[in-house]
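Enquirer: Protein chains in written order, with our numbering: chain A, 10 to 220; chain B, 3 to 164.
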Amino acid sequence: MLTNYDELNDMQIDVLREIGNIGAGNAATALATILDEKVEISLPKVRITDFNTAVNALGGAEAMTVGVLLNFNGEANGMIMFLLNMQDAQAITNILIQEENGGEEEGADGRLSDLKLSAIKEIGNILGSSYINSLATLTGLNINISIPYIAIDMAGALMSVPIIEFGSIGDKVMFIEECFITEEDRLSGNIILFAEIETLKLIMERLGLEV
Amino acid sequence: MSELLVVGISDYKVARNPTVLVTYALGSCVGICIYDSRLKIGGLSHIMLPESSMFNKNDLNRMKFADTAIVDMVQDLIKLGADPRRLTAKIAGGAQMFDVQQASMIGTIGDRNVCSVKDTLHKLKIPLIAEDTGLNYGRTVYFDLETGVMKVQSLGRGTREL
Numbered sequence: 010m011l012t013n014y015d016e017l018n019d020m021q022i023d024v025l026r027e028i029g030n031i032g033a034g035n036a037a038t039a040l041a042t043i044l045d046e047k048v049e050i051s052l053p054k055v056r057i058t059d060f061n062t063a064v065n066a067l068g069g070a071e072a073m074t075v076g077v078l079l080n081f082n083g084e085a086n087g088m089i090m091f092l093l094n095m096q097d098a099q100a101i102t103n104i105l106i107q108e109e110n111g112g113e114e115e116g117a118d119g120r121l122s123d124l125k126l127s128a129i130k131e132i133g134n135i136l137g138s139s140y141i142n143s144l145a146t147l148t149g150l151n152i153n154i155s156i157p158y159i160a161i162d163m164a165g166a167l168m169s170v171p172i173i174e175f176g177s178i179g180d181k182v183m184f185i186e187e188c189f190i191t192e193e194d195r196l197s198g199n200i201i202l203f204a205e206i207e208t209l210k211l212i213m214e215r216l217g218l219e220v
Numbered sequence: 003m004s005e006l007l008v009v010g011i012s013d014y015k016v017a018r019n020p021t022v023l024v025t026y027a028l029g030s031c032v033g034i035c036i037y038d039s040r041l042k043i044g045g046l047s048h049i050m051l052p053e054s055s056m057f058n059k060n061d062l063n064r065m066k067f068a069d070t071a072i073v074d075m076v077q078d079l080i081k082l083g084a085d086p087r088r089l090t091a092k093i094a095g096g097a098q099m100f101d102v103q104q105a106s107m108i109g110t111i112g113d114r115n116v117c118s119v120k121d122t123l124h125k126l127k128i129p130l131i132a133e134d135t136g137l138n139y140g141r142t143v144y145f146d147l148e149t150g151v152m153k154v155q156s157l158g159r160g161t162r163e164l
């Protein structure tokens, strides 16, 4: 009986990973459209990992990070969060938006303009929704997604939000790392997916796995 | 130079002077510093959730919950020689990281953590002498056992000493 992320077997983890891969494919297509194909997305690395490993992959607990959070509910319940470190957030929005004033309003502390924040929120929205969409399509589950919420703060403080919400089922998360490849640069973005344990069971059942 | 002792998420540590206890990036989690100022013995706890009773008792990490973590940490402080009548507390954290409007658990978990911490301290008759809680940003807490000062650092908001 599945009660905890720690109890997922290799087969079940592979299934989650595959959902991640399909989601990333959809996300890449959706993003390429709005980004006018200036940015490619590599095949993602999907890991089921603990909190500390995920936080370290983001550059440590105190690293300044942009997080876009989406809740999903219905027949599947959980959260999905898109995380981007500050330098990469600056770089990716510079590709998207050439502001008239050259971004003068951005202070020395690396704050992003409202327009850039809004752009990142939308990227997070598209990526997150693409994952949930592929999950819903594969499983036939009816899933609703919230509007996106954005915050800029320490990686550890942002990452703790889904961990706390689902604190009863262990400290593991599904951590998806993707590369955005531009003409000059490779930028790394991360997505964490956290589903209720009942939802995990339902996904496994729908895909024909024993739970 | 004092030793820096790192307290993880759902963790607590107790120590004697000279030590600086630190816990990084509290979001809606709460950091609780408890101190015996005469013996310079102190502990720092990083809790995630308000009450252990919300969850089934199997495989329970007592350091994750405000009600169980604080009680256990105080026991460990007493074992180190601290006098329970002399203990005082300072707390930080309990933010709401995302401005979620829905009536969901995440909207209020920071507040509920802070409430549960205060209830537990009250039951243990430990006076709360300083706090930096709520609002919408992450905090790192340094607790210096030489002075009993709790230093709270945030991104772009500087440092507060309490």
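Cβ atoms here follow ideal geometry from the backbone N, Cα and C, with glycine treated the same way. From a predicted model like this one, the values you see are computed outputs, not experimental measurements.
Can the beta-carbon of L89 of chain B be found less than 8 Å from the beta-carbon of I11 of chain B?
Expert: For the purposes of this step, residue 89 of chain B is identified with residue 87 of the second sequence, where counting begins at 1. For the purposes of this step, residue 11 of chain B is identified with residue 9 of the second sequence, where counting begins at 1. Not a contact, by the Cβ cut-off of 8 Å.
Enquirer: Is the Cβ-Cβ distance between A68 of chain B and T135 of chain B less than 8 Å?
Expert: Against the second sequence, residue 68 of chain B aligns to sequence position 66. Against the second sequence, residue 135 of chain B aligns to sequence position 133. No, these two residues do not count as a Cβ contact at 8 Å.
Enquirer: Alpha carbon to alpha carbon, how far is P20 of chain B from Q99 of chain A? Give it in angstroms, no decimals.
Expert: As a position in the first sequence, residue 99 of chain A is number 90, starting the count at 1. As a position in the second sequence, residue 20 of chain B is number 18, starting the count at 1. Put simply, the backbone Cα of Q99 of chain A is about 41 Å away from that of P20 of chain B.
Enquirer: From which residue to which residue does the alpha helix (DSSP H) around F60 of chain A run?
Expert: Here residue 60 of chain A refers to the residue found at position 51 of the first sequence. Segment F60 to A66, the alpha helix (DSSP H) holding F60 of chain A.
Enquirer: Can you find a heavy atom of the ligand ZN that lies under 7 Å from the Cβ of G136 of chain B?
Expert: Within the structure as shown, the ligand ZN is missing, as the structure has no ligands at all.
Enquirer: With distances taken Cα to Cα, identify the nearest neighbour of G156 of chain A among A:N82, A:R120, A:N103 and A:S197.
Expert: As a working note, residue 156 of chain A is residue 147 in the first sequence. Sequence check: residue 156 of chain A is Ile here, not Gly. Of A:N82, A:R120, A:N103 and A:S197, the residue nearest in Cα terms is A:N82.
Enquirer: I106 of chain A: buried (16+ other C-beta within 10 angstroms of its C-beta) or exposed?
Expert: Within the first sequence, numbered from 1, the residue matching residue 106 of chain A stands at position 97. Exposed, because fewer than 16 other Cβ atoms sit within 10 Å of the Cβ of I106 of chain A.
Enquirer: Tell me whether the region 137 to 156 of chain A and the region 60 to 76 of chain A touch, counting them as touching only if at least three CB pairs, one residue from each stretch, are closer than 8 Å.
Expert: no
Enquirer: Which of the three DSSP states, helix, strand or coil, is assigned to N82 of chain A?
Expert: Reading the first sequence from its first residue, position 73 is the one you call residue 82 of chain A. In the three-state DSSP reduction, N82 of chain A falls in the strand class (E or B).
Enquirer: Is there a C-beta anywhere in chain B that falls below 8 Å from the one on L124 of chain A?
Expert: The residue labelled residue 124 of chain A in the question sits at position 115 within the first sequence. L124 of chain A does not count as touching chain B.
Enquirer: What does a CB cutoff of less than 7 Å around K81 of chain B pick up in its chain, not counting 5 residues either side in sequence?
Expert: Counted from its first residue, the second sequence places residue 81 of chain B at position 79. Nothing listed; no residue qualifies.
Enquirer: Taking Cβ positions only, does Y26 of chain B come closer than 8 Å to chain A?
Expert: Here the question's residue 26 of chain B lines up with position 24 in the second sequence. Yes, Y26 of chain B counts as interfacial toward chain A.
Enquirer: In chain A, which residues lie with their C-beta within 7 Å of the C-beta of V102 of chain B?
Expert: Here the question's residue 102 of chain B lines up with position 100 in the second sequence. Going along chain A in sequence order, the residues near V102 of chain B (Cβ under 7 Å) are Y158.
Enquirer: Have a look at the DSSP bridge pairing and note the partners of M168 of chain A.
Expert: Residue 168 of chain A sits at position 159 when you count from the first residue of the first sequence. BP columns for M168 of chain A are empty, so no partner.
Enquirer: Could you name the residues of the same chain whose beta carbon sits closer than 7 Å to that of E205 of chain A, not counting the 5 residues immediately before and after it, in chain order?
Expert: Within the first sequence, the letter at position 196 stands for residue 205 of chain A. These residues qualify, in order along the chain: N86, G87 and F175.
Enquirer: Figure out for me which residue from A:I161, A:A33 and A:A128 has the closest Cα to the Cα of L92 of chain A.
Expert: Numbered from 1 along the first sequence, position 83 holds the residue referred to as residue 92 of chain A. Residue A:I161 is the option with its Cα nearest to L92 of chain A.
Enquirer: Consider the Cβ of L2 of chain B: report whether some Cβ of chain A lies at a distance smaller than 8 Å.
Expert: Nothing can be reported for residue 2 of chain B, as the shown portion of chain B is limited to 3 through 164.
Enquirer: Check V22 of chain B in the structure and name its three-state DSSP category.
Expert: Your numbering for residue 22 of chain B matches position 20 in the second sequence. Residue state, collapsed to three classes: strand.
Enquirer: Determine the burial state of N18 of chain A: buried for a count of at least 16 other Cβ atoms within 10 Å of its Cβ, exposed for fewer.
Expert: Your numbering for residue 18 of chain A matches position 9 in the first sequence. N18 of chain A is exposed by the Cβ-count criterion.
Enquirer: Measure the C-alpha to C-alpha separation of E209 of chain A and T58 of chain A and round it to an integer number of angstroms.
Expert: As a first step, residue 209 of chain A is located in the first sequence; it is residue number 200 there, counting from the start. As a first step, residue 58 of chain A is located in the first sequence; it is residue number 49 there, counting from the start. The sequence shown places Leu at residue 209 of chain A, not Glu. The alpha-carbon atoms of L209 of chain A and T58 of chain A are separated by roughly 16 Å.
Enquirer: Mind checking who R162 of chain B pairs with in its DSSP beta bridge?
Expert: As a working mapping, residue 162 of chain B is identified with position 160 in the second sequence. B:V154, per the DSSP bridge assignment.
Enquirer: Which whole-angstrom value describes the C-beta separation of V143 of chain B and V24 of chain B, a residue pair presumed to lie in contact below a C-beta threshold of 8 Å?
Expert: Taking the second sequence and counting its residues from 1, one reaches residue 143 of chain B at position 141. Taking the second sequence and counting its residues from 1, one reaches residue 24 of chain B at position 22. With a Cβ gap of about 7 Å, V143 of chain B and V24 of chain B count as contacting.
Enquirer: Could you tell me which chain B residues have their CB closer than 7 Å to the CB of F60 of chain A, listed as they occur along the chain?
Expert: By one-based count along the first sequence, residue 60 of chain A stands at place 51. Chain B residues near F60 of chain A: I11.
Enquirer: Going along the chain, which residues of its own chain have a beta-carbon closer than 7 Å to the beta-carbon of F189 of chain A, five neighbours each way excluded?
Expert: Position 180 of the first sequence, counting from 1, holds the residue named residue 189 of chain A. Closer than 7 Å at the Cβ level, and outside the excluded window around F189 of chain A, lie V48, I50, I101, L196 and G198.
Enquirer: Within 10 angstroms of the Cβ of C31 of chain B, are there 16 or more other Cβ atoms? Answer buried if so, exposed if not.
Expert: Working through the second sequence from its first residue, we reach residue 31 of chain B at position 29. Counting the other Cβ atoms within 10 Å of the Cβ of C31 of chain B gives 16 or more, which makes it buried.
Enquirer: Considering Cα atoms alone, identify which of A:N80, A:I159 and A:E214 is closest to D123 of chain A.
Expert: Counting from 1 along the first sequence, the entry for residue 123 of chain A is found at position 114. Checking every option, the nearest Cα to that of D123 of chain A belongs to A:I159.
Enquirer: Just to confirm the assignment, what range does the beta strand (DSSP E) spanning E214 of chain A have?
Expert: In the first sequence, residue 214 of chain A corresponds to position 205, counting from 1. E214 of chain A -> not in any beta strand (DSSP E); alpha helix (DSSP H) instead, spanning I206 to R215.
Enquirer: I want to see whether chain A comes within less than 8 Å of S30 of chain B, judged by CB atoms only; does it?
Expert: Counting from 1 along the second sequence, the entry for residue 30 of chain B is found at position 28. With respect to chain A, the C-beta atom of S30 of chain B has a partner C-beta closer than 8 Å.
Enquirer: Classify E5 of chain B as helix, strand or coil using the three-state DSSP reduction.
Expert: As a position in the second sequence, residue 5 of chain B is number 3, starting the count at 1. It is a strand residue.
Enquirer: From the DSSP secondary-structure annotation, give me the bridge partner or partners of F189 of chain A.
Expert: For the purposes of this step, residue 189 of chain A is identified with residue 180 of the first sequence, where counting begins at 1. Bridge partners of F189 of chain A: A:I50 and A:L196.
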